[in-house]
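Colleague: What follows is a single structure, and I will ask about it in a moment.
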Amino acid sequence: MSLNTQTLTQTVLMFDFEKLEVYGKSKLLNADISALLAEIKTDKVVHDQLRRASFSIMLNIAEGSGRFTKADKKNFYVIARGSVFECVAIFDYLKDQKIISGNTFNSFYNSFEEISKMLFALIKGLQ
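For the sequence shown, the numbering used here gives the first residue as 1313, with consecutive numbering after it.
Pasting the structure below:
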């Protein structure tokens, strides 16, 4: 099945998660992490764990937005926020091992902090 050009140019955001700023930021962050992982040398365990944790942020935001109850939404946003914390810990390890620079760490840290705060606001709004 293929889409014609007219359909692609008239794309309307249909899914709720696509309208969330935090989803967009987590998607960009995930892309930045993928690019970083292509550049750095690290063992397979660290590489795979960081890849999964960063992907988990955006996927849990998407899944949570599709839930019907506040409790279900909140659970997925809490899991997404936990994945943010996991990524920060991995970046802390990468910095300590001198695999990434302090500047790289700080740049990603700021993005994680922003996404964490946005998720916290979503979580608090569901109580």
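Where a beta carbon is used, it is the ideal one built from N, C-alpha and C, also for glycine.
In angstroms with no decimal places, state the Cα-to-Cα distance between LYS1407 and ARG1364.
Modeller: Within the sequence shown, the letter at position 95 stands for residue 1407. Within the sequence shown, the letter at position 52 stands for residue 1364. Looking at the two C-alpha atoms, the distance is approximately 19 Å.
Colleague: In the structure shown, what three-state DSSP assignment does THR1416 receive?
Modeller: Working through the sequence shown from its first residue, we reach residue 1416 at position 104. DSSP places THR1416 in helix when its eight states are reduced to three.
Colleague: Unbroken alpha helix (DSSP H) runs of length 4 or more, entirely within the stretch 1334 to 1399: which are they?
Modeller: As far as the stretch 1334 to 1399 is concerned, its whole alpha helix (DSSP H) runs of at least 4 residues are 1356 to 1377.
Colleague: Let me confirm a value: ASN1342 is counted as buried when at least 16 other C-beta atoms fall within 10 Å, else exposed. Which label applies?
Modeller: For this step, residue 1342 is matched to residue 30 along the sequence shown. Result: buried.
Colleague: Please state the DSSP three-state secondary structure of PHE1327.
Modeller: Sequence index remark: in the sequence shown, residue 1327 carries index 15 (1-based). In this structure, PHE1327 counts as coil in the three-state DSSP scheme.
Colleague: Please state the DSSP three-state secondary structure of ILE1306.
Modeller: Because the chain in this structure spans residues 1313 to 1439, residue 1306 falls outside the shown range and cannot be described.
Colleague: Please report the distance separating the alpha-carbon of GLU1375 from that of PHE1403.
Modeller: Within the sequence shown, the letter at position 63 stands for residue 1375. Within the sequence shown, the letter at position 91 stands for residue 1403. Their backbone Cα atoms lie some 25 Å apart in a straight line.
Colleague: Check LEU1438 in the structure and name its three-state DSSP category.
Modeller: The residue given as residue 1438 occupies position 126 in the sequence shown. Of the three classes helix, strand and coil, the one that applies to LEU1438 here is coil, per DSSP.
Colleague: Can you list, in chain order, the residues of its chain with a C-beta nearer than 6 Å to that of PHE1420? Leave out the 5 residues immediately preceding and following it.
Modeller: Mapped onto the sequence shown, residue 1420 falls at position 108. Once the five neighbours on either side are set aside, the close Cβ partners of PHE1420 are PHE1403.
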